[in-house]
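A.B. asks:
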């Protein structure tokens, strides 16, 4: 038709767009098709926590033959992984312009082909504005992540990146896929083993302890310390005589 593409507004805490690396489009779309004379639409996203676009997923306000639309993101954390893209690119002739992309974010991470574009084919490129505290990417240059250029004959657009640009290319290390085997690092403590190679714990009885529950008790000689001998001729003291006479009990009254 003759009108512009419609508007899309989303407010959420978290938003995940996963293209799953398929050929079909997966994402948020407000584009103008090839048989339309209108421009791309407007996409407004307000994400309180994390917006993740990965595996070829897209947020697009592009246009096939006319000018691009507008994309405005207000998000705490933006993640563009494995070809995840935000695009207001146009593919029309000389009289077309790329769209506008404005992103306000705490931190932005773009890895493995993640990109933000507002390119034009033959017309003028669009405009990209980035306001973020952290902007990390692993591309060879920022132009491969933020691109508002004109591909053929038009003038390039503007890219204003107000975030500190940290280039991670050459500083990332690919982790090995062959992890340590737990079977090689941990012994099988409950498995079978050779009895001769196993450790032993021996309790030897001492004193009143028996060597074993089925062993007979043994009598061991007991050493006693002898008392010192008394001197010869000593007689025990004589018992003292009772000093009180015992009187037989008397009856009560006369019988």
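Residue numbers (this note's numbering): 10 to 264.
All C-beta atoms, glycine included, are put in the ideal place defined by N, C-alpha and C.
Could you check what DSSP says for residue 104 in three-state terms: helix, strand or coil?
C.D. replies: In this structure, residue 104 counts as coil in the three-state DSSP scheme.
A.B. asks: Relative to the alpha-carbon of residue 113, which residue among 134, 55, 160 has its alpha-carbon at the smallest distance?
C.D. replies: Out of 134, 55, 160, 55 has the C-alpha closest to the C-alpha of residue 113.
A.B. asks: Given this structure, state the Cα-to-Cα distance separating residue 49 from residue 67, to the nearest angstrom.
C.D. replies: Roughly 15 Å between the two C-alpha positions.
A.B. asks: Could I get the ranges of all uninterrupted alpha helix (DSSP H) runs contained in the stretch 125-171, with 4 residues as the minimum, in chain order?
C.D. replies: With a minimum length of 4 residues, no continuous alpha helix (DSSP H) run stays inside the stretch 125-171.
A.B. asks: Locate the beta strand (DSSP E) running through residue 38, then write down its first and last residues.
C.D. replies: Per DSSP, residue 38 belongs to the beta strand (DSSP E) from 36-38.
A.B. asks: In this structure, does DSSP put residue 209 in helix, strand or coil?
C.D. replies: Residue 209 falls in the coil class under three-state DSSP.
A.B. asks: Report the three-state DSSP secondary structure of residue 61 (helix, strand or coil).
C.D. replies: Three-state result, residue 61: strand.
A.B. asks: Out of 103, 101, 130, 137, point me to the one whose CA is closest to residue 95's CA.
C.D. replies: Closest option to residue 95, Cα to Cα, is 137.
A.B. asks: How long is the line joining the alpha carbons of residue 129 and residue 77, rounded to whole angstroms?
C.D. replies: Approximately 9 Å between the Cα atoms of the pair.
A.B. asks: For residue 150, which option in 127, 120, 46 has the closest C-alpha, if you only look at C-alpha atoms?
C.D. replies: The residue with the shortest Cα to Cα distance from residue 150 is 120.
A.B. asks: I need the boundaries of the beta strand (DSSP E) containing residue 99, first residue and last residue.
C.D. replies: No beta strand (DSSP E) holds residue 99; DSSP gives it neither H nor E.
A.B. asks: In its own chain, which residues sit with a C-beta less than 8 Å from the C-beta of residue 37, not counting the 5 before and 5 after it?
C.D. replies: The answer, listed in chain order, is 17, 19, 26, 52, 54, 67, 68, 69.
A.B. asks: Would a C-beta distance cut-off of 8 Å place residue 125 and residue 171 closer than the cut-off?
C.D. replies: Contact: no.
A.B. asks: Rounded to a whole number of angstroms, what is the C-alpha to C-alpha distance between residue 46 and residue 79?
C.D. replies: Cα to Cα, residue 46 sits roughly 17 Å from residue 79.
A.B. asks: Cα separation between residue 132 and residue 155?
C.D. replies: Straight-line Cα distance between these residues: approximately 18 Å.
A.B. asks: Please state the DSSP three-state secondary structure of residue 70.
C.D. replies: DSSP places residue 70 in coil when its eight states are reduced to three.
A.B. asks: The beta strand (DSSP E) that contains residue 23, what's its start and end?
C.D. replies: Start and end: 17-27.
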